[in-house]
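Student: Residues 0 to 416 in numbering that gives the first Met the number 0 are what the sequence shown spells out, letter by letter.
We treat Cβ as the ideally placed atom computed from N, Cα and C, and that holds for glycine.
What follows is a structure written as structure tokens; I'll ask about it next.
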Amino acid sequence: MLVYPSVFFSSSAEEEFDKTEALVRFVLGNAIDVAYNTIREDLPLVTDRQSALAGLRIIDIAKMHLCLLSNPVPLLLFSGFMELVKKILSDTLHSVMANDLKSTQFLTSLELPPFQRVPEDSKMGLNKLLEDRNYASTLGVHPIVRRFSQIAGELELLNSASLEGSMVNGVDVMVYDPAVSNALYRELENVLEFISVLAKRHKNILAQRIFALNNYFYIQASWRRLSGALKSAVGMEQLPCAAPPAHVNCIESRLSNEVVRFVDEDSKANGTFAYLFDFVQVAEATLGTAFFTDDGLMERSIDSLPDALSEAATMQAVLDFSQSWQAQFSETCSLVKRVVSLTLTVAAAAAKDEVALDCSKKLEEIVLKEYTQSVVEANTKMHIVVTRLFGKNNEIRARLTSNATVLHEVKKVLQFL
0 MLVYPSVFFS SSAEEEFDKT EALVRFVLGN AIDVAYNTIR EDLPLVTDRQ SALAGLRIID
60 IAKMHLCLLS NPVPLLLFSG FMELVKKILS DTLHSVMAND LKSTQFLTSL ELPPFQRVPE
120 DSKMGLNKLL EDRNYASTLG VHPIVRRFSQ IAGELELLNS ASLEGSMVNG VDVMVYDPAV
180 SNALYRELEN VLEFISVLAK RHKNILAQRI FALNNYFYIQ ASWRRLSGAL KSAVGMEQLP
240 CAAPPAHVNC IESRLSNEVV RFVDEDSKAN GTFAYLFDFV QVAEATLGTA FFTDDGLMER
300 SIDSLPDALS EAATMQAVLD FSQSWQAQFS ETCSLVKRVV SLTLTVAAAA AKDEVALDCS
360 KKLEEIVLKE YTQSVVEANT KMHIVVTRLF GKNNEIRARL TSNATVLHEV KKVLQFL
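The structure is reproduced here in structure tokens:
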């Protein structure tokens, strides 16, 4: 069997490549030296984070393509340039990121005075809170959060996007530069904490919840929007978010907790479904949380129940819900839209913030879904109270509203947001 030697490894081919490289260096030698010195002197002036990271990724993509060429001369010619550029850009990027991290750490230590013009009543309801539109606009996205969302989001996208021909050590990775990713995660934690510090400048608890909710949501929405921009730019499948999963989870955890707190605070401040939540709160305090589990007592003596949990009070709560829940949910929808409009959308329009304008409907949906879940859970517990305490009262049982009915109607409302 004859084995033909590869042209690439043949001695004649090697000699040819050596001659070609020598000729190219002879012709371009002065130009190469000038370019090398210029890069070494001027490239450190590039301190823009996004440009530095984008440059690093472009260099790696170019290097990979050169490595795949059958002719090694271009790689030999430009490898020195590329390594120099990578070293300078990497040092610059890491230095700037270290300074950014120190800056965000400083933000969390600030002792900020409360707003001078704020509602004093910590239990004031939403409608009263939003009467002063100038004050309502202060509950929107803070300029520092807006700026952070833009810069950090672009860095997250550049660092986590799987670009064609861009690999590290020959394999695709979740992040391009782990040091940048770690710094961004710590910066994100600092900014999220800074949002909670800013929220405390408002004396009203509901105002604190609205401010935090708007700002947490804005970071998430901004990064999701960036992932869509990548798809249109390079034609790849859209990422769920511009950042790695751990970073996304950090935001989503804060956001989901804040939505729950907002709904809870609204119910305490005489919200639309306050009577339902109050009834369930009394039931939980009196009967214990174990009562509402599958292992809870099926029946219990009603002799020692407080007046708020009596048969008459339970009947009233059931009647109030069955007769009014649709109108009350419609009222809740209108109120949530008003909150988002006056605290997020109006300020966004003035600042020409396309992210906030485009995502306002999504925020309304998130809040209304949490309201729905809270109402459904409360209604379920009211069912359990009726069944286990007053199961023999057919009139109360007949007045109960099923959660299937509630969810069906809510779904129709959410479709028209």
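What is the DSSP secondary structure of residue 303, reduced to helix, strand or coil?
Tutor: Residue numbering aside, residue 303 sits at position 304 when the sequence shown is read from its first letter. Note: residue 303 maps to coil in three-state DSSP.
Student: Count the other CB atoms, across all protein chains shown, that sit within 10 Å of the CB of residue 123; report buried if there are 16 or more and exposed otherwise.
Tutor: Along the sequence shown, read from residue 1 onward, the residue named residue 123 stands at position 124. Flag for residue 123 reads buried.
Student: Roughly how many whole angstroms lie between the Cα atoms of residue 237 and residue 306?
Tutor: As a working mapping, residue 237 is identified with position 238 in the sequence shown. As a working mapping, residue 306 is identified with position 307 in the sequence shown. Any answer about residue 237 is weak, because its pLDDT of 47 lies below 50 and its placement is not dependable; what the coordinates show is given next. Cα to Cα, the separation comes out at about 56 Å.
Student: Kindly give me the distance between the Cβ atoms of residue 74 and residue 68, rounded to whole angstroms, as I take these residues to be in contact under 8 Å.
Tutor: Looking up residue 74 in the sequence shown gives position 75. Looking up residue 68 in the sequence shown gives position 69. Rounded, the Cβ-Cβ distance is 7 Å, consistent with contact.
Student: Residue 135: which of 157, 197, 209, 187 sits nearest, CA to CA?
Tutor: Locating residue 135 in the sequence shown gives position 136, counting from the first residue. Minimum Cα distance to residue 135 is reached at 209.
Student: Return the chain-ordered list of same chain residues with a C-beta closer than 8 Å to the C-beta of residue 44, the five sequence neighbours on each side being excluded.
Tutor: Locating residue 44 in the sequence shown gives position 45, where the first residue counts as 1. Around residue 44: no qualifying Cβ.
Student: Kindly indicate which three-state DSSP category residue 352 falls into: helix, strand or coil?
Tutor: Here the question's residue 352 lines up with position 353 in the sequence shown. Three-state DSSP puts residue 352 in coil, outside helix and strand.
Student: Enumerate, from N- to C-terminal direction, the unbroken alpha helix (DSSP H) stretches of 4 or more residues contained entirely within the stretch 127-158.
Tutor: Taken in chain order, the complete alpha helix (DSSP H) segments of 4 or more residues contained in the stretch 127-158 are 132-135.
Student: Which runs of the alpha helix (DSSP H) spanning at least 4 residues fall entirely within the stretch 175-261, listed in chain order?
Tutor: Here the runs fully enclosed are 177-198, 204-233.
Student: Buried or exposed: residue 380, going by 16 or more other Cβ atoms within 10 Å of its Cβ?
Tutor: For the purposes of this step, residue 380 is taken as the residue at position 381 of the sequence shown. That one is buried.
Student: Please classify residue 223: is it buried, with 16 or more other beta-carbons within 10 angstroms of its beta-carbon, or exposed?
Tutor: Walking along the sequence shown from the start, residue 223 turns up at place 224. Buried is the call here.
Student: How long is the line joining the alpha carbons of residue 284 and residue 212, rounded to whole angstroms?
Tutor: Position 285 of the sequence shown, counted from the first residue, corresponds to residue 284. Position 213 of the sequence shown, counted from the first residue, corresponds to residue 212. For residue 284 and residue 212, the distance between alpha carbons rounds to 29 Å.
Student: Is the CB-CB distance between residue 155 and residue 93 below 8 Å?
Tutor: For this step, residue 155 is matched to residue 156 along the sequence shown. For this step, residue 93 is matched to residue 94 along the sequence shown. No. Outside cutoff.
Student: Which residue wins for smallest C-alpha separation from residue 340, given the options 361, 320, 190?
Tutor: By 1-based counting over the sequence shown, the position of residue 340 is 341. Of the listed residues, the one whose Cα sits closest to residue 340 is 361.
Student: Under the assumption that residue 389 contacts residue 383 (Cβ atoms under 8 Å), give the Cβ distance between them as a whole number of angstroms.
Tutor: Counting from one through the sequence shown, the residue named residue 389 turns up at place 390. Counting from one through the sequence shown, the residue named residue 383 turns up at place 384. Wrong, their Cβ atoms sit about 11 Å apart, outside the cutoff.
Student: Which one of 65, 157, 85, 138 has the shortest CA to CA distance from residue 343?
Tutor: Residue numbering aside, residue 343 sits at position 344 when the sequence shown is read from its first letter. Nearest C-alpha to residue 343: 138.
Student: Whose C-beta lies closer than 7 Å to the C-beta of residue 100 among residues of the same chain, with five residues either side of it excluded?
Tutor: In the sequence shown, counting from the first residue as 1, residue 100 sits at position 101. Excluding residues within five positions, the ones whose Cβ falls inside 7 Å are 182, 185, 186.
Student: Taking only beta-carbon positions, decide if residue 201 is within less than 8 Å of chain B.
Tutor: Among the protein chains of the structure shown there is no chain B, as only one such chain exists.
Student: Do you know how far the Cα of residue 338 is from the Cα of residue 414?
Tutor: Taking the first residue of the sequence shown as 1, we reach residue 414 at position 415. Taking the first residue of the sequence shown as 1, we reach residue 338 at position 339. Looking at the two C-alpha atoms, the distance is approximately 19 Å.
Student: Just to confirm, is the Cβ distance from residue 141 to residue 214 under 8 Å?
Tutor: Counted from its first residue, the sequence shown places residue 141 at position 142. Counted from its first residue, the sequence shown places residue 214 at position 215. Residue 214 is positioned such that its CB atom lies closer than 8 Å to that of residue 141.
Student: According to DSSP, is residue 389 part of a helix, a strand, or is it coil?
Tutor: Taking the first residue of the sequence shown as position 1, residue 389 is located at position 390. If DSSP states are grouped into helix, strand and coil, residue 389 belongs with coil.
Student: Buried or exposed: residue 98, going by 16 or more other Cβ atoms within 10 Å of its Cβ?
Tutor: For this step, residue 98 is matched to residue 99 along the sequence shown. Around the C-beta of residue 98, fewer than 16 other C-beta atoms lie within 10 Å, and the residue is accordingly described as exposed.
Student: Buried or exposed for residue 173, going by 16 or more other Cβ atoms inside 10 Å?
Tutor: Position 174 of the sequence shown, counted from the start, is the residue given in the question as residue 173. It is exposed - the Cβ of residue 173 has fewer than 16 other Cβ atoms within 10 Å.
Student: Assuming residue 312 is part of the alpha helix (DSSP H), what are its boundary residues?
Tutor: Residue 312 sits at position 313 when you count from the first residue of the sequence shown. Looking at the DSSP string, the run of the alpha helix (DSSP H) that includes residue 312 is 310-339.
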